[in-house]
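Protein chains in written order, with the numbering used here: chain A, 1140 to 1355; chain B, 1140 to 1355.
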């Protein structure tokens, strides 16, 4: 029985879909993928379990979309900073700092997004996100080379390395008990920024300035 | 009917187990995890499919052990170089170079080891390997700081970043078609080494010596 969905029905469906995604994100933020079985997601979203499967082909598909959506938002924030105005080294520093701070603020979710072992389909989403993030860094590195701030280097290779640095540098601290209950990670963020600036060959004084600055 | 296994029986069992692991490694080297269903592993090892499951609880457990065994060997090679004698920056450069060259020589297997989307159990093995590799780098960075080669830095953070650099810097090139049919990756290895040396703040002339070898 095919019929054209009215606008209202469409909106209700989209709303339900979004509620399911938000519920998944919330549960993963609290306890990782293992604490987010489909029944719990459905419960929190206020829909029947079967409804989840009407919107998503599988639990893996749901997680993959949740990760994709959340990562996209993080990517846009980093991109806006990285590709704004000013010296490339400052933009790179601010982009890395923001990426790390945001991850450390929502530590459990960030850990799930980048590192927690999960099924292959969800994992594939991560690879796509890393590539997109690498393209942003590549642009900044190229700009820095053109302006003479950074020495000649393979911008694509450096960009991939920067992605690896940002993510792997955070995996330990993001993991449960990584920073301890009182650790806010400010020093770690400074370490990460300094590492990245040295790595692309930013002027030493800039790398040094960025290391110990108490930024908010 | 419990009985003590004789030495010969034990050896035969161990031999079979090793043949299964080798077969899995060989198939994954050729076509990744998807080309290594248990039936194919059994066939190549010359055992019945049921025998595979007598030795390994699941396909995931088999892959996890294969990855663990292979990664352990890579780790030992890198560790031997990284913790040998000489200036820390040279040892770090040689360790990174060796790690990257070995990965690029067995590209398909290396991609499977570090990046190919796979089940959660296998993925967890990767996290353990990365931590072990980070401990090796941490020691070198600490030694470099003590000898005055590297500036003061958070050695643990830098080590995690180096692991991320080495792995993420290779994921693209390792992926199918990453380097193209003729690419041997020599230039990429130089880029990676230069990035790592700059990142830990190795003396500029040392980073430079390692960077631009026969580059255009």
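Even for Gly, the Cβ is constructed at its ideal location relative to N, Cα and C. The structure displayed is predicted, hence computed values, not measured ones.
Chain B contact for residue i (CB, 9 Å cutoff)
{"i": "residue 1306(A)", "result": "yes"}
{"i": "residue 1179(A)", "result": "no"}
{"i": "residue 1207(A)", "result": "no"}
{"i": "residue 1202(A)", "result": "no"}
{"i": "residue 1355(A)", "result": "For residue 1355(A), the pLDDT reaches just 36, beneath the cut-off of 50, and the residue's location in the model is therefore unreliable, although a value from the coordinates is still provided. No, no contact with chain B."}
{"i": "residue 1219(A)", "result": "no"}
{"i": "residue 1330(A)", "result": "yes"}
Any C-beta of chain A under 9 Å from that of residue i
{"i": "residue 1103(B)", "result": "One cannot answer for residue 1103(B) here, as it falls past the ends of chain B, which runs 1140 to 1355."}
{"i": "residue 1351(B)", "result": "Only weak support exists for where residue 1351(B) lies, its pLDDT of 42 falling under 50; the coordinates are left without a value."}
{"i": "residue 1310(B)", "result": "yes"}
{"i": "residue 1261(B)", "result": "yes"}
{"i": "residue 1338(B)", "result": "yes"}
{"i": "residue 1214(B)", "result": "no"}
{"i": "residue 1334(B)", "result": "yes"}
{"i": "residue 1170(B)", "result": "no"}
{"i": "residue 1303(B)", "result": "yes"}
Residue interval of the alpha helix (DSSP H) (run including residue i)
{"i": "residue 1393(A)", "result": "The first residue shown for chain A is 1140 and the last is 1355, placing residue 1393(A) beyond what the model contains."}
{"i": "residue 1310(B)", "result": "1294 to 1313"}
{"i": "residue 1216(A)", "result": "1198 to 1221"}
{"i": "residue 1186(A)", "result": "No alpha helix (DSSP H) holds residue 1186(A); DSSP gives it neither H nor E."}
{"i": "residue 1151(B)", "result": "1146 to 1170"}
{"i": "residue 1251(A)", "result": "1246 to 1253"}
{"i": "residue 1337(B)", "result": "1325 to 1338"}
Cβ-based burial, residue i [other Cβ within 10 Å; buried from 16]
{"i": "residue 1212(A)", "result": "exposed"}
{"i": "residue 1178(A)", "result": "exposed"}
{"i": "residue 1350(B)", "result": "In this prediction, residue 1350(B) scores a pLDDT of 46, lower than 50, which makes its location untrustworthy; no coordinate-derived value is stated."}
{"i": "residue 1223(B)", "result": "exposed"}
{"i": "residue 1228(B)", "result": "buried"}
{"i": "residue 1262(A)", "result": "buried"}
{"i": "residue 1292(A)", "result": "buried"}
{"i": "residue 1196(B)", "result": "exposed"}
{"i": "residue 1300(A)", "result": "buried"}
{"i": "residue 1354(A)", "result": "With a pLDDT of only 40 at residue 1354(A), under 50, the local geometry of the prediction cannot be trusted, and no value is derived from it."}
{"i": "residue 1187(A)", "result": "exposed"}
{"i": "residue 1215(B)", "result": "exposed"}
{"i": "residue 1147(B)", "result": "exposed"}
{"i": "residue 1312(B)", "result": "buried"}
{"i": "residue 1352(A)", "result": "Note that residue 1352(A) scores 40 on pLDDT, short of 50, meaning its location in the model is unreliable; the coordinates nonetheless yield the value given after this. It counts as exposed."}
{"i": "residue 1151(A)", "result": "exposed"}
{"i": "residue 1239(A)", "result": "buried"}
{"i": "residue 1256(B)", "result": "buried"}
{"i": "residue 1174(A)", "result": "exposed"}
{"i": "residue 1168(B)", "result": "buried"}
{"i": "residue 1232(A)", "result": "buried"}
{"i": "residue 1244(B)", "result": "exposed"}
{"i": "residue 1219(A)", "result": "exposed"}
{"i": "residue 1210(A)", "result": "buried"}
{"i": "residue 1189(A)", "result": "exposed"}
{"i": "residue 1170(B)", "result": "exposed"}
{"i": "residue 1236(A)", "result": "buried"}
{"i": "residue 1198(B)", "result": "buried"}
{"i": "residue 1287(B)", "result": "exposed"}
{"i": "residue 1145(B)", "result": "exposed"}
{"i": "residue 1154(B)", "result": "exposed"}
{"i": "residue 1303(A)", "result": "buried"}
The ligand GTP heavy atom lying under 8 Å from the CB of residue i
{"i": "residue 1291(B)", "result": "Absent from the structure shown: the ligand GTP. Ligands present: none."}
Q) Mind listing which residues of the stretch 1277 to 1301 of chain B have their C-beta closer than 9 Å to chain A's C-betas, in chain order? A) 1290, 1292, 1293, 1295, 1296, 1297, 1299, 1300, 1301
Q.
By the 9 Å beta-carbon criterion, what residues does the stretch 1226 to 1259 of chain A contribute toward chain B?
A. 1254, 1255, 1256, 1257, 1258, 1259
Q. Using a Cβ cut-off of 9 Å, which residues of the stretch 1265 to 1276 of chain B contact any Cβ in chain A, in chain order?
A. Within the stretch 1265 to 1276 of chain B, the residues whose Cβ lies closer than 9 Å to some Cβ of chain A are 1265, 1266, 1269, 1270, 1273, listed in chain order.
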